[in-house]
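Numbering (our numbering), first residue to last: 4 to 137.
Backbone N, C-alpha and C define an ideal beta-carbon position, used for all residues, glycine too.
Predicted model, so just to flag it, every value in this text is computed and none were measured.
Report on the following structure.
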C-alpha cells in the first residue's frame with residue numbers, strides 16, 4: 004500500500020472538517036510539532052500563531068461558533084512536501100460575531116500553505132479574506 008501524497012493529506016483534513024470532525028478527528032493529520040500561522044484578517048486583526056494543542060483547542064471551540072463548514076477548492080499547487088490550497092470557505096454562524104449575526108452564512112476566500120512530513124501536516128500558513136455581509 005502506498006502512503007498518501009501531501010495533497011491527499013491536506014484534502015482529507017478539509018473533508019474531515021467539513022464532516023464536523025472535532026479535535027480527535029483532526030489530530031491524526033497534525034504532526035506533534037505542528038504550527039498554524041494566521042495572517043491578520045477581519046476576525047483576528049493581529050493574526051495569530053498556534054501550536055498543535057492550541058489549534059486543536061480552537062477546533063473544539065469552533066463547534067460552538069460555526070456549523071456546516073464547506074470548502075470549495077478552486078486550485079491546488081504542490082511542490083515536493085509543500086501544498087498550496089486556494090478555496091472558498093463558508094459556514095453557518097451559531098453565535099453573533101462582529102459584522103455577522105447568528106444564523107448568517109459567513110464567507111471567506113482562503114489560501115493555505117501546508118508543509119507535510121511523513122503523512123502529517125507540520126505547518127500551515129493561512130491567508131483568509133472574509134467577505135462583508137451585503
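Query raised in the report: Could you give the distance in angstroms between the alpha-carbon of residue 75 and the alpha-carbon of residue 20?
Result: So the alpha carbons of these two residues sit roughly 13 Å apart.
Query raised in the report: Thinking just about the alpha-carbon of each residue, which of 11, 121, 120, 116 is nearest to the one in residue 41?
Result: 116
Query raised in the report: Do you know offhand how far residue 78's Cα is from residue 87's?
Result: 8 Å
Query raised in the report: Which value, in whole angstroms, describes the spacing of the CA atoms of residue 135 and residue 5?
Result: 43 Å
Query raised in the report: Quick one, which of 37, 7, 118, 26 has its alpha-carbon nearest residue 82's?
Result: 118
**Report entry** Contact the segment 95-111 vs the segment 12-32: 3+ CB pairs below 8 Å
**Finding:** no
Query raised in the report: In chain order, what residues of the same chain lie with their CB nearer than 8 Å to the CB of residue 59, ignoring the 5 residues before and after it?
Result: 26, 29, 30, 33
Requested in this report: Could you please give me the residues that DSSP links to residue 93 through a beta bridge?
Outcome: 73, 110
Query raised in the report: If you follow the beta strand (DSSP E) that residue 27 is part of, which residue opens it and which one closes it?
Result: Element bounds for residue 27: not the beta strand (DSSP E) but the alpha helix (DSSP H), 26-29.
Query raised in the report: Considering only C-alpha positions, which residue in the set 90, 84, 69, 56 is nearest to residue 105?
Result: 69
Query raised in the report: Do you know offhand how far residue 36's Cα is from residue 84's?
Result: 16 Å
Query raised in the report: So residue 133 packs on residue 109, CB below 8 Å; how close in whole Å?
Result: 7 Å
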